[in-house]
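J.: Quick one: this structure, given as structure tokens, is what I'll be asking you about.
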Amino acid sequence: MTGGAAGRTAAVRARVPVRLGRAGGRSCELVTFRGLPDDGEHLACLVPPWDTPAPLVRLHSECLTGDVLGSARCDCGPQLEEALGMLAGQGGVLLYLRQEGRGIGLYNKLDAYLLQDGDTDTFEANRLLGRGADERDYGAAAVMLRTLGLRRVRLLTNNPDKEAQLLRHGVEVAECVPTGVHMTPGNAAYLEAKARSGHRLGDAGVRGACAGGVAVPANGRGGAV
Ligand SMILES: [Zn+2]
42 MTGGAAGRTA AVRARVPVRL GRAGGRSCEL VTFRGLPDDG EHLACLVPPW DTPAPLVRLH
102 SECLTGDVLG SARCDCGPQL EEALGMLAGQ GGVLLYLRQE GRGIGLYNKL DAYLLQDGDT
162 DTFEANRLLG RGADERDYGA AAVMLRTLGL RRVRLLTNNP DKEAQLLRHG VEVAECVPTG
222 VHMTPGNAAY LEAKARSGHR LGDAGVRGAC AGGVAVPANG RGGAV
């Protein structure tokens, strides 16, 4: 199985059976690739049944502090847990994308934390570091899906940019399945910043809308990045 992108041909490198406790103890497969457009060590986690006409797919960007250490500054850990729980129930694919800090890296992300205060949110902090507000590119994710033979998915996300980028890279999004809003006192400001950037969050967003659905910012500041 292959999927071309930018003149390169991607292919599966290895399919590794593994039982995942956080996916309900299900027998899954971890898939590695060669020839991805950004050469990242991105990982696909296949939870059976995943080879269906429009499987549930979650694009999860790596967040060491949230996913591994349980940091309360963001909602990445609960979102990962939620995704794996849903995949355990109905099957599908988790793409674990090595895009720490919205693509700026772990150390830069921690530098950005130091810049964040009441007026400087996660996106503005990235800009102050001379980086893009969100540098994530989902082209590699689309290539991974196509290499797995998946061209139509149900996308678990509140982020319209993921949907738009998948569409641009040849993967049809049959439905956007909204994720829960995991708000705590520690991450409320972070989630409000995500809403300002265009994420569909809770009652402020458009649940289930995609393919032209309009994101509704939580307030008047800013728009989709
Ligand atoms: Zn995070």
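The numbering used here puts the first residue of the sequence shown at 42, with every later residue one more than the last. No residue lacks a Cβ here, since even glycine has one placed at the ideal position from N, Cα and C.
CA-CA distance, Arg99 and Val218?
T.: Taking the sequence shown and counting its residues from 1, one reaches residue 99 at position 58. Taking the sequence shown and counting its residues from 1, one reaches residue 218 at position 177. Their Cα atoms are separated by approximately 10 Å.
J.: Would the beta-carbon of Ala95 fall within 8 Å of that of Val194?
T.: For the purposes of this step, residue 95 is taken as residue 54 along the sequence shown, with counting starting at 1. For the purposes of this step, residue 194 is taken as residue 153 along the sequence shown, with counting starting at 1. A contact, by the Cβ cut-off of 8 Å.
J.: So what does DSSP say about Val53, is it helix, strand or coil?
T.: Counted from its first residue, the sequence shown places residue 53 at position 12. In the structure shown, Val53 sits in a strand (DSSP, three-state: E or B).
J.: Go ahead and pull the three-state DSSP assignment for Leu242.
T.: Here the question's residue 242 lines up with position 201 in the sequence shown. If DSSP states are grouped into helix, strand and coil, Leu242 belongs with coil.
J.: Would you decide whether Pro58 is buried or exposed? Buried here means 16 or more other CB atoms lie within 10 Å of its CB.
T.: The sequence position of residue 58 within the sequence shown is 17, counting from 1. With fewer than 16 Cβ atoms within 10 Å of its Cβ, Pro58 is classed as exposed.
J.: Do Gly65 and Ala129 count as a contact pair if the criterion is CB distance below 8 Å?
T.: Counting from 1 along the sequence shown, the entry for residue 129 is found at position 88. Counting from 1 along the sequence shown, the entry for residue 65 is found at position 24. Result yes, Cβ atoms of Ala129 and Gly65 sit closer than 8 Å.
J.: For Leu84 versus Leu97, is the C-beta spacing smaller than 8 Å?
T.: In the sequence shown, the residue the question calls residue 84 occupies position 43. In the sequence shown, the residue the question calls residue 97 occupies position 56. Cβ distance not < 8 Å, so Leu84 and Leu97 don't count as in contact.
J.: Taking 7 Å as the cut-off, is the beta-carbon of Gly107 closer than that to any non-hydrogen atom of ligand 1?
T.: On the sequence shown, position 66 is the one that residue 107 refers to. Yes, since a heavy atom of ligand 1 falls inside the 7 Å radius drawn around the Cβ of Gly107.
J.: Give the secondary structure of Thr188 by DSSP, where H, G and I count as helix, E and B as strand, and everything else as coil.
T.: For the purposes of this step, residue 188 is taken as the residue at position 147 of the sequence shown. Here Thr188 sits in helix by DSSP.
J.: Spatial neighbours of Glu122 within its chain, please: CB distance less than 7 Å, with the 5 preceding and 5 following residues excluded, ordered by chain position.
T.: As a working note, residue 122 is residue 81 in the sequence shown. Counting only Cβ-Cβ distances below 7 Å, and skipping sequence neighbours, we find Arg63.
J.: Kindly identify the DSSP beta-bridge partner or partners of Gly133.
T.: Here residue 133 refers to the residue found at position 92 of the sequence shown. Gly133 is bridged to Val88.
J.: Leu207 and Leu196 look like a contact to me (Cβ under 8 Å); what is the Cβ gap, rounded to whole Å?
T.: As a first step, residue 207 must be located in the sequence shown, where it is residue number 166. As a first step, residue 196 must be located in the sequence shown, where it is residue number 155. About 7 Å; that satisfies the 8 Å criterion.
J.: Between Leu147 and Arg139, what straight-line distance do the alpha-carbon atoms span, to the nearest angstrom?
T.: For the purposes of this step, residue 147 is taken as the residue at position 106 of the sequence shown. For the purposes of this step, residue 139 is taken as the residue at position 98 of the sequence shown. Roughly 10 Å separates the two Cα atoms.
J.: Start and end of the alpha helix (DSSP H) containing Arg237?
T.: As a working note, residue 237 is residue 196 in the sequence shown. Ala229 to Arg237 is the extent of the alpha helix (DSSP H) around Arg237.
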